[in-house]
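Position one of the sequence shown corresponds to residue 3 (this note's numbering), numbered consecutively onward.
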Amino acid sequence: MSGLLEVKGLAKHFGGLAAVKDLSFSIGKGQIAGLIGPNGAGKTTAFNTISGALTPTRGQVRFNGTDITGQRTSAIVACGLARTFQSTTTFAEESVERNIEYALLSRIRGAAPQVLMGRKTGLVSPAEVRAEIDRIIAIVDMQNWRHAIAGTLPYGLQKKLGIAIGLATQPLMLLMDEPAAGLNHEECNELTRLLRRLRDEQGLTILLVEHHMAIVMEVCERIVVLVHGEKIAEGSPDELRVNPAVIEAYLGAPEYAHA
Ligand SMILES: Nc1ncnc2c1ncn2[C@@H]1O[C@H](COP(=O)(O)OP(=O)(O)OP(=O)(O)O)[C@@H](O)[C@H]1O
Ligand SMILES: [Mg+2]
3 MSGLLEVKGL AKHFGGLAAV KDLSFSIGKG QIAGLIGPNG AGKTTAFNTI SGALTPTRGQ
63 VRFNGTDITG QRTSAIVACG LARTFQSTTT FAEESVERNI EYALLSRIRG AAPQVLMGRK
123 TGLVSPAEVR AEIDRIIAIV DMQNWRHAIA GTLPYGLQKK LGIAIGLATQ PLMLLMDEPA
183 AGLNHEECNE LTRLLRRLRD EQGLTILLVE HHMAIVMEVC ERIVVLVHGE KIAEGSPDEL
243 RVNPAVIEAY LGAPEYAHA
């Protein structure tokens, strides 16, 4: 294996519950990959153990050639692996550009944003910070919303802001937990385009947890299927569409019939 992200024998137990069991997969640089499975399959737990929010019970996670198993989230983010959350997390009372600025400044210094507010960081000039904010706002196409208060944004834009905050850490790879949840049809199309742009124009590698099968099947080149914490299949969308175990355990379920 020589992927950008390599997960080997990963397990996470909560007391007697094995939420993730012996999970191994590898994601190549520049891939858009998916991690799918029914509710409670262990997808978010897998993300949390990969991204440092939880310590794995067993197994190893390597990112860009470095063993990041059990490291702190801040150290993992510094390696270039960032995540966005199933629910959005922003400073609701602050503007879009301020939220991005906080994320940028905490990256630069690893310090509380309040400490750095309005100050020269010593590492990056205010003009450079401003240029980086502009660049990120352009990537997510939120130029018309830069002064809007985050908490008042329509839901779809709050989710885009969450992606912008992830981008502010200058990642090589983004782990995204249900970016399409709650989005309407047009917002889903826009998300699909954004994911492709992030890969094609920013060179990002993306691992997506997502229940929206149409998006997963359209945008992911490689998909890992989890059921009850176990990987039951892995392959391209075309391979998985005809995989009996996947059809039975997952895609055959009525709510995914539109896949
Ligand atoms: N902190 C925790 N303590 C105890 N059990 C947990 C904890 N977090 C998750 N679990 C359990 O682990 C299992 C996997 O949960 P997880 O949230 O990872 O699933 P998921 O695949 O992300 O589901 P969903 O699609 O609903 O988001 C579930 O049985 C859940 O109840
Ligand atoms: Mg989840």
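All residues carry an ideal CB built from backbone N, CA and C; glycine is no exception.
Exercise. Locate the alpha helix (DSSP H) running through residue 49, then write down its first and last residues.
Key: 45-53
Exercise. Note down the Cα distance separating residue 226 from residue 152, rounded to an integer number of angstroms.
Key: 33 Å
Quiz item: Closest to residue 172 by CA distance: which of 205, 37, 36 and 15 is it?
Solution: 205
Quiz item: Who pairs with residue 127 in a beta bridge, going by DSSP?
Solution: Paired residues: none, contrary to the question.
Quiz prompt | Nearest-angstrom beta carbon gap, residue 178 and residue 211 [assumed within contact, 8 Å] | solution = 7 Å
Self-check item: Secondary structure of residue 73, DSSP reduced to three states
Solution: coil
Quiz item: What does the shell around ligand 1 hold, if a residue joins when its beta-carbon is under 5 Å from any heavy atom?
Solution: 16, 21, 41, 42, 43, 44, 45, 46 and 47
Quiz item: Hey, would you say the C-beta of residue 229 is under 7 Å away from at least one heavy atom of ligand 2?
Solution: no
Self-check item: 8 Å contact criterion, which residue 92 and residue 163 should meet: CB distance rounded
Solution: 6 Å
Quiz item: Which residues mark the beginning and the end of the beta strand (DSSP E) in which residue 225 is found?
Solution: 224-229
Self-check item: Inter-residue Cα distance where the pair is residue 25 and residue 149
Solution: 43 Å
Quiz item: Would you say the beta carbon of residue 211 comes nearer than 7 Å to a heavy atom of ligand 2?
Solution: yes
Quiz prompt | Backbone CA spacing between residue 199 and residue 20 [nearest angstrom] | solution = 36 Å
Quiz item: Do residue 34 and residue 165 have their C-beta atoms closer together than 8 Å?
Solution: no
Quiz item: Would you call the CB atoms of residue 106 and residue 134 closer than 8 Å?
Solution: yes
Quiz item: CB residue 49 to CB residue 100, shorter than 8 Å?
Solution: no
Quiz prompt | Residues that residue 179 bridges to, as DSSP identifies them | solution = 211
Quiz item: Which partner residues of residue 10 appear in the DSSP bridge assignment?
Solution: 62
Quiz item: Which two residues bound the contiguous beta strand (DSSP E) that contains residue 35?
Solution: 34-38
Quiz prompt | Buried/exposed call for residue 187, threshold 16 Cβ in 10 Å | solution = exposed
Quiz item: Quick one, which of 103, 22, 142 and 54 has its alpha-carbon nearest residue 131's?
Solution: 103
Quiz item: In whole angstroms, what is the alpha-carbon distance linking residue 232 and residue 22?
Solution: 6 Å
Exercise. Classify residue 73 as buried or exposed, calling it buried when 16 or more other Cβ atoms lie within 10 Å of its own Cβ.
Key: buried
Practice problem: Tell me whether residue 65 is buried or exposed, calling it buried when 16 or more other Cβ atoms sit within 10 Å of its Cβ. | Solution: buried
Quiz item: Between which two residues does the alpha helix (DSSP H) carrying residue 96 extend?
Solution: Taken as a continuous stretch (DSSP letters only), residue 96 belongs to no alpha helix (DSSP H), as it is neither H nor E.
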